[in-house]
């Protein structure tokens, strides 16, 4: 008798499962006939999860996803017109998941460049005044100038000193990627006042402001067809002796020009310093990515002048380079291949 009950339960389970699959599929058909393609896609997907081997469900899901992709492509173009680039790119990624063969979307993807900006800040917190150290919460931050005019913000890790920022550009010539610069290095403070309310304060240590090159001359050389690993290029950054650069107290206003010469990016200014500029630009045009490396920057406070200085660290030993530690972040690994590397020089 118990065996019969078990069989009946199994039969009931199979019937309910079949009915469930059929329900979602039928719902999808009804919604699709009404032109409600996004809702139909959801129902077809639920049916597919319940029965992934059903060819009819598979075909329905592919069919309606192509229609959704077409609709989304129109929304994508509207985002572009409004210059809502992050929303537009997110929509484009969704379109390609829905229909990888949509040629218009494939062509649009070629116009986008994803940029990773990183560096390391050597900073001694013990140099902070007692007034700053008494804050309830502190975040060391970098602010970067983007060629688009947007101010990018990133937090500096207390453990490693590394900052990581990502940017996104549309229809941008590779020469424009040389115009990323450092705007600010400072400390975001959270304090409580006498009433118990938390207030935010930002204490600037280094402040270059919004930097725009007075001129950009020349062109970068063409892209190599071979793809290389960033790690294999790092030994080229090492020097035999220290550059001998002294601590630099940047003036209130920095003016500079850029001269592009094949695989070098020359930074020209009266101070003959380039701490505000990156160290290397790695470009992977085929992958639609760029890696902008600001190198290692040392910050020190001069107690007599009550000012902070900045100095670019020279790589003499393997331990001077922060990239091996950065490269362990697997989420960023797609940025660590390049076709061409461009050095920033004086």
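In the working numbering, the protein residues as written are 125 to 470.
Think of the CB as a built atom: it goes at the ideal place given N, C-alpha and C, for glycine as much as any other residue.
Small disclaimer: the values here were computed from a predicted structure and weren't measured.
Between the segment 334 to 344 and the segment 297 to 304, can you find at least three pairs of beta-carbon atoms closer than 8 Å? yes
With the cut-off set at 9 Å, would you say residue 455 and residue 407 are in Cβ contact? no
Does the Cβ-Cβ distance between residue 362 and residue 291 come in under 9 Å? no
Span of the alpha helix (DSSP H) around residue 435: Element bounds for residue 435: not the alpha helix (DSSP H) but the beta strand (DSSP E), 431 to 436.
Locate the beta strand (DSSP E) running through residue 418, then write down its first and last residues. 413 to 426
Applying the 10 Å Cβ sphere with the 16-neighbour rule, what's the burial state of residue 189? buried
Opening and closing residue of the alpha helix (DSSP H) in which residue 212 lies: 209 to 222
Count Cβ pairs between the segment 377 to 394 and the segment 339 to 353 that sit closer than 8 Å; are there 3 or more? yes
According to DSSP, simplified to helix, strand and coil, what is residue 152? helix
If you drop the 5 nearest sequence neighbours on each side, which residues of the same chain put their C-beta closer than 8 Å to that of residue 299? 340, 343, 344, 384
Are the segment 282 to 290 and the segment 320 to 333 touching, with three or more C-beta to C-beta distances below 8 Å? no
Name the DSSP beta bridge partners of residue 279, please? 265
Given this structure, state the Cα-to-Cα distance separating residue 267 from residue 169, to the nearest angstrom. 43 Å
Taking the alpha carbon of residue 236 as the reference point, which residue from 457, 185, 413 has its own alpha carbon closest? 413
Report the partner residues of residue 328 according to the DSSP bridge assignment. 310
Cβ pair residue 379, residue 394 closer than 9 Å: yes
Can you tell me whether DSSP reads residue 449 as helix, strand or coil? helix
So the beta strand (DSSP E) residue 467 belongs to, where does it begin and stop? 464 to 469
Looking at the secondary structure, which residues open and close the beta strand (DSSP E) in which residue 408 lies? 404 to 408
Do you know offhand how far residue 316's Cα is from residue 261's? 10 Å
Mapping the DSSP letters down to three states, classify residue 442 as helix, strand or coil. helix
Evaluate residue 419 with the Cβ neighbour count: other Cβ atoms within 10 Å of its Cβ, from every protein chain shown; 16 or more gives buried, anything less gives exposed. buried
Pairing CB atoms from the segment 213 to 221 with CB atoms from the segment 193 to 205, are three or more of them under 8 Å? yes
Own chain partners of residue 437 with C-beta closer than 8 Å, once the 5 adjacent residues on each side are dropped: 246, 419, 420, 421, 422, 444
If residue 240 and residue 373 are in contact, beta carbons under 8 Å, what's the gap, nearest whole angstrom? Their Cβ separation, rounded to whole angstroms, is 30 Å, which puts residue 240 and residue 373 out of contact at 8 Å.
With residue 246 as the anchor, note down where its alpha helix (DSSP H) starts and where it stops. Here residue 246 belongs to no alpha helix (DSSP H); instead the beta strand (DSSP E) covers 236 to 246.
CB of residue 403 within 9 Å of CB of residue 468, strictly: yes
Can you list, in chain order, the residues of its chain whose CB lies under 8 Å from that of residue 366, leaving out five sequence neighbours each side? 438, 440
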